[in-house]
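Following: one structure in structure tokens, then a few remarks.
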Amino acid sequence: MTNKEKYKKAFSALEPHECSFQEVEQMAVLQKKTKMKIAAAMITGCVLLGGTGTAYAMNVGGIQRMVQIWMHGERTDAVMDVTNDGEGYSITWKDENGEEREVSGGGIAYEANGKQRPLTAEEYLEEWDSPEVEYLDDGSVWVYYRDQKIDITDKFDEDGICYVQVKDEKGPIYMTIKYQNGWGSNRKKYMDPKEMWG
Amino acid sequence: MRQPVQELIERYQKNLYAAAFNICKNQMDAEDVVQETFVQYYTIKKEFENERHIRAWLLRVAINKAKNLSMTFWKKHKCSLEDYMETLEFTDTHSRDLFEEVMKLPEKYRIVIHLFYYEDYSIWEIASILKLSESNVKVRLSRGRTMLKNSLQEEWEDDE
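Those protein sequences? They're chains P and A, same order as listed. For the first sequence, the numbering used here puts the final residue at 198, and the numbers step up evenly by one. For the second sequence, the numbering used here puts the final residue at 358, and the numbers step up evenly by one.
Encoded structure:
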């Protein structure tokens with residue numbers, strides 16, 4: 001048996017969950033409707049756990065918190081639920097058409113000693129607080145971050161690399177974007193495309 | 199040319215999943231990547247030269263999405279590779295050993311090895327998909343092979 005045959009035989013054990021056209025279509029419609037993804041989420045000051053009790057409530061699944069998210073460059077009220085196992089979260093809000101939207105997820109963080117632990121609610125929200133690069137059907141390319149919206153369509157160099165800065169209260173975020181190939185960011189300097197993409 | 203996404207899902211989802219898994223080492227992340235790749239194909243207005251072009255594009259997008267996912271500090275899904283491997287049905291222990299050893303390779307060698315041995319791509323095609331030089335692909339392929347040979351010994355032929 002050749003190495004190729006051995007390799008294919010070994011990897012034939014991988015069986016993905018069936019991806020259906022309906023799922024793909026639904027995701028595409030959702031993306032199109034939403035257009036502008038959440039660029040950031042922030043907890044409003046008055047809803048910290050242990051507060052007055054007016055801003056959070058216990059429900060069956062856990063704790064419900066009022067949060068604010070960035071949508072279309074504007075802050076929007078949303079509700080964040082902690083799921084039963086305490087490791088997952090969902091955020092619901094109404095979009096510009098008054099339709100209810102929901103995202104859910106969770107995750108783990110790796111401690112310095114390599115141990116895993118569930119993300120706290122604050123960390124989950126921070127996870128959202130990162131820039132977003134969007135490729136629109138009209139060919140334009142946009143960077144969103146909180147209330148910043150930058151058209152970078154014509155800013156790619158001949159290697160398809162674009163360097164762009166966004167800002168938050170901690171200072172600039174230097175983004176290195178490769179056209180249709182992902183991006184990376186750094187607080188101190190632009191990342192070297194060679195290190196990222198070889 | 200364009201192909202209906204239904205046909206592409208049927209034809210390539212396993213390939214995309216294997217490529218994404220090769221990078222993410224996580225079932226759910228890899229499945230997310232596959233779905234997002236097909237969504238991107240479905241929504242993007244892009245004409246392709248032929249089916250081979252579509253296949254290469256799908257693989258490139260899936261690989262890039264998987265890389266982006268694995269570069270983020272925050273991990274959305276937490277099933278370990280070891281736990282997932284317990285659920286896989288390998289035909290024999292050699293296959294399991296090979297799978298395990300491939301997963302131990304550094305990512306930059308792993309994906310080149312995968313495109314060569316699983317997708318049957320040539321060095322030139324791999325270079326084009328990964329946006330690397332051909333010499334770079336050759337080096338990665340050679341180093342990956344050497345590592346596999348060292349760990350698998352007689353279970354891996356010397357095919358330099």
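We treat Cβ as the ideally placed atom computed from N, Cα and C, and that holds for glycine.
Local Cβ density within 10 Å of residue i, reported as buried at 16 or more and exposed below that
i, result
"A/E361", "Any question about residue 361 of chain A goes unanswered here, given that chain A covers just 199 to 358."
"A/V335", "buried"
"P/P193", "buried"
"P/N97", "exposed"
"A/N248", "exposed"
"P/T176", "buried"
"P/D81", "buried"
"A/H251", "exposed"
"A/K265", "buried"
"P/V24", "buried"
"A/M199", "exposed"
"P/I69", "buried"
"A/E352", "exposed"
"P/D138", "exposed"
"P/L136", "exposed"
"A/N348", "exposed"
"P/M1", "exposed"
"A/I242", "exposed"
"P/V79", "exposed"
"A/F219", "buried"
"P/W183", "buried"
"A/W255", "buried"
"P/W197", "buried"
"P/K178", "buried"
Residues that DSSP places opposite residue i in a beta bridge
i, result
"P/K167", "P/P172"
"P/G184", "P/T176"
"P/C162", "P/I177"
"P/T76", "P/I69"
"P/W142", "P/E134, P/D151"
"P/D81", "P/Q64, P/S90"
"A/P304", "In DSSP, A/P304 forms no bridge with anything."
Cβ separation of residue i and residue j, assumed to be a contact under 8 Å, to the nearest whole Å
i, j, result
"A/K212", "P/P16", "6 Å"
"P/G171", "P/R187", "7 Å"
"P/N181", "A/Y315", "Contact flag wrong, Cβ pair sits at about 24 Å."
"A/V300", "A/L339", "Not a contact, Cβ separation roughly 13 Å."
"P/S90", "P/P131", "Not a contact, Cβ separation roughly 23 Å."
"P/C162", "A/V232", "Actually they do not touch by this definition, with Cβ atoms about 27 Å apart."
"P/Y174", "P/K189", "6 Å"
"P/T92", "P/E100", "6 Å"
Three-state secondary structure assigned by DSSP to residue i
i, result
"A/I242", "coil"
"P/W93", "strand"
"P/V60", "Residue confidence is low: P/V60 scores 35 on pLDDT, short of 50, so the model does not pin down where it sits. Its coordinate-derived value is still stated next. Correct three-state label for P/V60: coil."
"P/P131", "coil"
"A/N348", "helix"
"A/E229", "helix"
"A/L339", "helix"
"A/R200", "coil"
"P/P16", "coil"
"P/Y190", "coil"
"A/E317", "coil"
"P/A40", "For P/A40, the predicted model reports a pLDDT of 34, less than 50, meaning its position is unreliable and no value from the coordinates is stated."
"P/E100", "strand"
"P/A55", "Its pLDDT being 29, under 50, P/A55 is placed unreliably by the model, and the measurement read from it follows with that caveat. P/A55 falls in the coil class under three-state DSSP."
Heavy atom of the ligand SAH within 7 Å of residue i beta-carbon
i, result
"A/E284", "The ligand SAH is not part of this structure, which contains no ligands at all."
**Message:** Does the structure place the stretch 216–235 of chain A close enough to the stretch 288–296 of chain A that three or more beta carbon pairs sit under 8 Å?
**Reply:** Touching, no.
**Request:** Evaluate contact between the stretch 302–312 of chain A and the stretch 277–294 of chain A, counting only Cβ atoms and requiring at least three cross-stretch pairs below 8 Å.
**Result:** Contact between the stretch 302–312 of chain A and the stretch 277–294 of chain A is absent, because fewer than three Cβ pairs lie under 8 Å.
**Message:** I want to know whether the stretch 316–323 of chain A touches the stretch 237–248 of chain A - three or more CB-CB distances under 8 Å.
**Reply:** Output reads no: the stretch 237–248 of chain A does not touch the stretch 316–323 of chain A.
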